Amino acid sequence: MRTQLYYIFVFSICLFTGFLTPAQAFQKNKGQFVVVLDAGHGGNDPGNVGNGYKEKEIALNIVLTVGKSLEKHPNIKVIYTRKTDVFVPLRDRAKIANNADADLFVSVHCNSHHSSAHGTETFVLGLHENQRNFEIAKKENEVIFLEDNYESHYDGFDPNSPESFIGLTLMQEEYLDQSTQLARLVQDNFTKTLKRNDRGVKQAGFWVLHNTYMPSVLVETGFLTYKPEGAYLNSVKGQNEVALSIYKGLMDYKMILDRNVGQNVYKDVAITETIVEAVNDEINSGNSNKRVYSNTVFKVQLAASSNKIEPKSFNFKGLKDISREQEGKLYKYFYGDTSDYNEIKKMVEFAKSKGYPTSFIVAFQNGQRVDLSSVINSPSN
Numbered sequence: 001m002r003t004q005l006y007y008i009f010v011f012s013i014c015l016f017t018g019f020l021t022p023a024q025a026f027q028k029n030k031g032q033f034v035v036v037l038d039a040g041h042g043g044n045d046p047g048n049v050g051n052g053y054k055e056k057e058i059a060l061n062i063v064l065t066v067g068k069s070l071e072k073h074p075n076i077k078v079i080y081t082r083k084t085d086v087f088v089p090l091r092d093r094a095k096i097a098n099n100a101d102a103d104l105f106v107s108v109h110c111n112s113h114h115s116s117a118h119g120t121e122t123f124v125l126g127l128h129e130n131q132r133n134f135e136i137a138k139k140e141n142e143v144i145f146l147e148d149n150y151e152s153h154y155d156g157f158d159p160n161s162p163e164s165f166i167g168l169t170l171m172q173e174e175y176l177d178q179s180t181q182l183a184r185l186v187q188d189n190f191t192k193t194l195k196r197n198d199r200g201v202k203q204a205g206f207w208v209l210h211n212t213y214m215p216s217v218l219v220e221t222g223f224l225t226y227k228p229e230g231a232y233l234n235s236v237k238g239q240n241e242v243a244l245s246i247y248k249g250l251m252d253y254k255m256i257l258d259r260n261v262g263q264n265v266y267k268d269v270a271i272t273e274t275i276v277e278a279v280n281d282e283i284n285s286g287n288s289n290k291r292v293y294s295n296t297v298f299k300v301q302l303a304a305s306s307n308k309i310e311p312k313s314f315n316f317k318g319l320k321d322i323s324r325e326q327e328g329k330l331y332k333y334f335y336g337d338t339s340d341y342n343e344i345k346k347m348v349e350f351a352k353s354k355g356y357p358t359s360f361i362v363a364f365q366n367g368q369r370v371d372l373s374s375v376i377n378s379p380s381n
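When you line the sequence shown up against my numbering, it's residues 1 to 381, in that order.
Set out below in structure tokens:
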């Protein structure tokens, strides 16, 4: 029976995604950047209660503080999945974000474990890297059992079954790069500013992330079961500091978007173009080893935006050989065009040095984007 439910679940996801247009991964609402803040648990779902502290209350306090800071910016709109101690089903949390056509979804939680584990970790949707990640996702997903008729609402999804999580990754693939970037920025603010123990950016199968159609992260702010950390998170000081770190991570993310695809004309274009030409001359000189894959084109993805920008060098910090492709309402911008993987590796490093720190290599075959790892793991010419 479980196997049948699993295949029905995967089939329903595939059928649904087949009718979706690729969503906009960056700012979708002209003039406003919409952030949905989700305080985990609530109402008759207390979350974890390690050392007597209540996750639902701590998460809500942190979210409201983050939102208060964001609302000071006139071009940022904040939407909350809950602002009081109420129970909100997982499916409704995702629905709120989707209906708002949000640019970001951030879910805030507190962790627990039977050991002395402590520190912060931020999750994006993906297959579990280990049993520990599965257990965290399982714990957060089990809230669906509090809902009536949960089987019909969640397409037979079983939080206790590892097989059920395979289909979850399909929905968020479009946003994985952006979600990972956001998660890393949040973690960096936790660890570099607050000196919190860094448990890293991880992937796991959280249902609430799977059903949102925008870059999404789930932040585990610390372990209530670790007494010093639980007391810190339960304090006003701790909640304010954690909220400030999340806020800074979100603003860092937005700043990168604004910088990468702004309508800026750079005054040092002539100098920049000279540098670019020198790099291209070195790349094309034939002095470097080649690693060519036939029928494959590598490019460096610089950015993506709902804004249509001319692929000219002055719009991209002097980088030449810029191309633009449209996917639904989303425009993606690329630098370079080569079948030589060693060449594109140099180009992505150069793009990063020119102010595109989150740029990355993508691969195309027959005009369609393909998985990079499957290409480079195959024999080259």
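C-beta: ideal position from N, C-alpha, C; glycine also.
All figures in this text were calculated on a predicted structure; none of them were measured in a lab.
Taken in chain order, the unbroken stretches of alpha helix (DSSP H) that lie wholly in the region 328-364 and span 4 residues or more are 341-353.
Per the coordinates, the alpha-carbon of R259 lies some 11 Å from the alpha-carbon of L302. Annotation for S69: A243, L244 and Y247 place their beta carbon closer than 8 Å to its own, counting only its chain and skipping 5 residues before and after. Comparing alpha carbon positions, the residue from V375, Y356 and N44 closest to K317 is Y356. DSSP, reduced to helix, strand and coil, places N98 within a helical segment of the structure shown. Look at Y293 here: in three-state DSSP terms it is coil, with no helix or strand label. When Cβ pairs closer than 8 Å are counted between the two stretches, the region 84-103 is seen to touch the region 30-47, the count reaching three or more. Following the DSSP letters along the chain, one finds K312 in no beta strand (DSSP E), marked with neither H nor E.
Cβ atoms of V124 and L176 come within 8 Å of each other, at about 6 Å.
When the Cα atoms are used, S313 and K320 turn out to be separated by approximately 5 Å.
The three-state secondary structure of S245, taken from DSSP, is helix. When the alpha-carbon of L250 is set against those of G200, V63, L330 and R199, the nearest one is in V63. Membership of G222 in the beta strand (DSSP E) is indicated by the continuous run S216 to F223. In the three-state DSSP reduction, F123 falls in the strand class (E or B). Annotation for V186: the continuous alpha helix (DSSP H) segment containing it runs L176 to D188. Here the alpha carbon of E310 sits roughly 17 Å from the alpha carbon of G328.
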